[in-house]
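Chains as they are written, first to last, in this note's numbering: chain A, 1 to 414; chain B, 1001 to 1331; chain C, 2001 to 2341. Every residue, glycine too, gets a C-beta built ideally from N, C-alpha and C.
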Amino acid sequence: MKTLKYIGCKLLRALYAIGRFFKKLWMHKQGRIGLIIFAFLAILAIFAPLIAPYDPYDVTQRAAKGSTPSWEHLLGTSITTGQDIFSMLIYGTRSSLSIGLITGLVIAVLGSLLGVAAGYLGGWVDTVIMRIVDVLLVIPTLPLVIVMTNVLGTSYVVIVIVFAAFGWTGLARVVRSQVMLIKNANYVKAAEIAGASRWYIMWRHILPAVSNLLIMSTALTSAGIMVAEAGLSFLGLGNPTAISWGKMLADAQSSGAMLFGHWWSILAPGVGIFLSVYSFMRIGLALEEILNPRMRKGSNMLKVFKHLNNTYLEEVFASMDDVSKMKGEYQAPSPVLEEAGPSDIAAEMAAPEGAAVEEVAAAGVAGAQAAAAGAFVPAAQIAAAEQAAAEAPFAEARAEDAAAEVNAEKGGER
Amino acid sequence: MKASYVIKRILLTLFIFFVVVTLCFFIPRIGVDDPASRYYPAQTAGMTDAEYEAIKELVRQQYGLDGSTFQQYITYLGNLFTGDLGTSYTKNEPVIDLIAERLPWTLVLSVSNLLISLVIGVIIGTMAAWRRGRWQDRALLNASTFTTALPAFFIALILSFYLGFEWEIFPAYTDQNMVAGFDWSWEAISKVAYNASLPVFAMAIGSIVSYGQATRNSVIAVSEDDFILTAKAKGLSNNKVIYGHTLRNALLPIVTQFGMNVSTLIGGAVVIEQIFNWNGMGTLFLTANSNNDYPLMMGIMIFMSAFALVANLLTDFVYCLLDPRVTLGGR
Amino acid sequence: MKALEVENLKVIFPTEAGIVRAVEGIDIEIDEGECVAIVGESGCGKSVTSLAVMKLLSSPPAITRVDKLVLGGIDIKDLTDKQMQKVRGKDVAMIFQDALTALNPVMTVGRQIDEIFLAHGKEHFSDETGKALSRFARKKEAKRRTIEALKLVGISDAELRYKAYPHQLSGGMRQRVLIAMAFACNPHLIIADEPTTALDVTIQAQVLDILKELQRKQKTSLMLITHDLSIVMNMADKIYVMYCGKIVECARTRELFKNPLHPYTHGLLGSVARINDDRKRFVQIPSSLPSPMHKPSGCYFHPRCVHATERCKQEMPPLEQLEGGRCVRCWNYKEIRYDKQ
């Protein structure tokens, strides 16, 4: 009972963590795009038999060979076999996504285990693992994969195993260097001194610290694997029984789609590959940005500067002045106006006052722009701008027509 | 210190090469009792068992597959030491000759791709960093996610469809006369350039953007360093700050990336060569694969690995020369 | 002539979360040959002030306003970046905190100092007849001067060190290189931003000695920016105490140490250890610096001030000018009596 409760507790916590993770990703604009595309493709893949109008494996439709797009066949049919390209496109989601995801997960497990082992245990374990990495990095990947599929056959399992066996090196390297950083952190040292076992430290301290990195690189390696799988099946070396986008491209090319001008039979599988890879990359890159927010500082800063409100800035600058100073500087204009209270004088004042406000506001804007361009602003301009801020109420009250425009602009900005 | 590190590094390289060679020896022997069975065709209908056995025996002798596995291995290593990568099964020519025949053609593609993308990529990346956050920068960022999601072979197909078939600006397939009649005349060279333009373009789009993005990130990271502020505080001109201090440091990671790309110079164009029917190592490898020509396949693999190893070694040494912090012993 | 006159310098950093008010209108005056210290906690706007004086704050992220910015008689307020390049390094130089990151890692220290001479010394690089030197000869002359400058800051084997990369030198040596760099063109003003914070205490003393000696010998003005009052005690002639982007007190060093007027200064002095110290414990300033985005109302120091009154919570006190060039920003400075330290 107790263990059940314990497991339940752990499960809940894991679910909570996953939920929070997806929420974070959803809040990130780019990550949301990736998630939406991925969800769309996943639905296509799962419900492919329901969505596809024809059986894509059906090669008996001799009559409809190489037809152009129509309402009957949305993307036409293939030239040699007459398969419905739209249905093939939807079924192709299955092999691409599943190989990408499964291989990505296997690589994540393999790469993180080996990386953590190499980084944390060090010594001969590290040496052996890093030598294996060295060897695998030197052998050209695609030819090696081709040779392996030649030797082992081209079934689904073999392809996943081969990609995983040669794809873990990059992740292992990154994890290793990260682990070596954490290993020397003081909190891990403290745990070691307190007598924590190696496994405990790996599980409680090191794995959580690299987990974000892992999720990120799983998304990115999955994307890479999907490209590689498409290339392999384009060469005719993928799983021969499955329908895949790479094979569709190869068929289109070899059956002369180029000569006949069937651009859709090339474009459609290409777009499929692009969308699936793009969604994974978006998710991966969004995670990268969430992990190190420093990467996006620049563009945001520019956005902030673009939307800066100049009048507000002037208020900020003016508010920094000492009270005594402000009294000294801003006494001059107010008494005259207050003594001259009556409305006829106010009307008389309206035109020049309004013009002055406009001018001053313009000076303020120019001043802020000059400051934004990195130059210092002449004192006169600052003073003028500050006066603009101080006098704004007067202008509003007395020079309605002229000032209204200016203030409308300001209001719009604000 | 220095010499000992160089020797160590070279020994390590030799060790890795040895492992690669061993792998290449054993891969064709996975899953079969008699390695020779990978080298000869299946028994055809009209062939008697005795005839078939005779062929097998002939093949074993010809390809050094008689004796125990260990003996074969020793022979294999011995041959390799003298530069003999074996004999092609289908073409009956030494593998090394076949490679030598195809290598220049692959290098034409990949070297021009590498140089073009390096130069243009670094220029674009520097510009994007300079105009950080403005449209140039955002365009590069969008292009980089776009092109990395687009496989080069798909770009190649689209290019060959439009530029090759529809508009007929560039040849969609390589003219095989280009190879046969090559005689270093201007005409022949320009013909090669004309035929290579589409494949190079298809490969370069992606790598230009990736160099650009890497340069941009590196330049921005460096320009936030303290010593850039020092350089400005010294009153140096903008050009001095950019070329003398920022770029000099920012290009160090690009050297590493360049080295990595050099190491995949021969193995990286397999699919592109296939699409354009280019007469290079990639198509040689694919033909060997479809004919189950193992000596040729393994020979190409070993050659590519050796090339990558040498490239890595050189990159390391060049990096040491460029970055004084990385002493040859202390990494 | 004053070495530096700054009037009403304001710097803000607009961010997504709001506007960070880094420097809120400060005035600084430095006489020729004088050493002036700006003291305050980290985050009070000291470093931003120094960069603003050099006009090295880029925009974005910063927006700078100043009423008057005169450096050694040159009004640099309206100078463009291009014009400023001629001033920086020649009339005003800077010594940064962390010499390891402040030096270009892939360039020899010698060449990094050469650059200053080559950038500013064009008019000096001529032979007896007044003809400009060739490129090669200019470089040779620059090298000669660099080695001289390195010797000046007490670097032994200057010819050898000329060819060294920053990572090959010790921390104290690197800081000396930075000092040599700053004094290279004999500027009116040198701004030293926490010049010894990254160093060991023993090295600190050496570096400060060199700095002081060079400053006296070359009659350069020095603007010393630090959080460490114990350094200031022997170096500075005048001290500005900064808090939250505003100057809260300024005084001659002796007077400030003898009779601090602002409670913040008093707190800072209370945390300095001295010989013959018979205090049981140091005086502390409670709590910590408020966020520069959400500063308290009234006097910025009132949440941490034991003497705060109702008025302090409402109104920001003005910077009151007292006799002898002293100034203080406090409503109650006359009333507050500190225990004898």
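- Residue pairing by DSSP puts Q2321 of chain C in a beta bridge opposite C:C2327.
- Look at the region 1210-1228 of chain B: the residues with a C-beta under 7 Å from a C-beta of chain C are D1225, D1226 and F1227.
- Membership of F1276 of chain B in the alpha helix (DSSP H) is indicated by the continuous run V1270 to F1276.
- Listed along the chain, the chain C residues whose CB falls inside 8 Å of the CB of F317 of chain A are K2010, I2012 and R2065.
- In the three-state scheme derived from DSSP, where H, G and I count as helix and E and B as strand, T2226 of chain C is classed as strand.
- Checking the DSSP bridge columns, you'll see L2009 of chain C partnered with C:I2026.
- M1047 of chain B sits exposed, since fewer than 16 C-beta atoms from the chains shown fall within 10 Å of its C-beta.
- For C2312 of chain C, the uninterrupted alpha helix (DSSP H) segment begins and ends at E2310 to Q2314.
- Per the coordinates, the alpha-carbon of P2166 of chain C lies some 15 Å from the alpha-carbon of I1228 of chain B.
- Of A:M1, A:I85 and A:I146, the smallest CA-CA separation from A268 of chain A is found for A:I85.
- Interface residue (Cβ-Cβ distance to chain C less than 7 Å): F40 of chain A is not classified as such.
- Inter-residue distance for L101 of chain A and D1293 of chain B is about 33 Å (C-alpha atoms, whole angstroms).
- In this structure, the beta-carbon distance from T1147 of chain B to V1209 of chain B falls below 7 Å.
- For the region 2298-2319 of chain C, the set of residues with a beta-carbon nearer than 9 Å to any beta-carbon of chain A comprises E2315, M2316, P2317, P2318 and L2319, in chain order.
- No Cβ of chain C is located within less than 7 Å of the beta carbon of N1239 of chain B.
- Secondary structure note for V179 of chain A: its alpha helix (DSSP H) is the uninterrupted segment T169 to K183.
- Any Cβ of chain A closer than 7 Å to the Cβ of G2025 of chain C would place that residue at the interface, and such an atom is present.
- In summary, N1113 of chain B is buried, with 16 or more beta-carbon neighbours lying within 10 Å of its beta-carbon over all protein chains present.
- Ranked by Cα distance from L2222 of chain C, the options C:L2289, C:M2316, C:L2319 and C:L2189 are led by C:L2189.
- Per DSSP, reduced to three states, the secondary structure at D84 of chain A is strand.
- Residue range A257 to F260 is occupied by the alpha helix (DSSP H) that includes M258 of chain A.
- B:T1106 is the residue among B:T1106, B:V1271, B:D1137 and B:M1298 whose C-alpha sits nearest the C-alpha of M1281 of chain B.
- In the displayed model, E2249 of chain C falls within a strand according to three-state DSSP.
- Note that the region 2011-2023 of chain C does not touch the region 2200-2220 of chain C; fewer than 3 beta-carbon pairs, one per stretch, sit closer than 8 Å.
- With 16 or more neighbouring CB atoms inside 10 Å of its own CB, N1289 of chain B falls in the buried class.
- Spanning the alpha carbons of A209 of chain A and Q30 of chain A requires a straight line of approximately 24 Å.
- M2233 of chain C carries a helical assignment under DSSP once its states are collapsed to helix, strand and coil.
- With a threshold of 16 other beta carbon atoms within 10 Å, W1184 of chain B falls short and is exposed.
- The beta carbons of M2084 of chain C and I2076 of chain C sit about 7 Å from each other, so the pair counts as a contact at 8 Å.
- Residue environment analysis places Q2204 of chain C among the buried positions, since at least 16 neighbouring C-beta atoms fall within 10 angstroms of its C-beta.
- Under DSSP, the beta-bridge partners assigned to Y2243 of chain C are C:K2246.
- Counting every other CB atom within 10 Å of its CB across the protein chains shown gives A117 of chain A a total of 16 or more, marking it as buried.
- Taking C-beta atoms as the reference points, V2023 of chain C and T2049 of chain C count as a pair closer than 7 Å.
- In terms of Cβ geometry, I2147 of chain C and R2176 of chain C do not form a close pair [threshold 7 Å].
- If you draw a straight line from the Cα of G167 of chain A to the Cα of N184 of chain A, it comes to about 28 Å.
- Between A2037 of chain C and V2232 of chain C, the gap from beta carbon to beta carbon is short of 7 Å.
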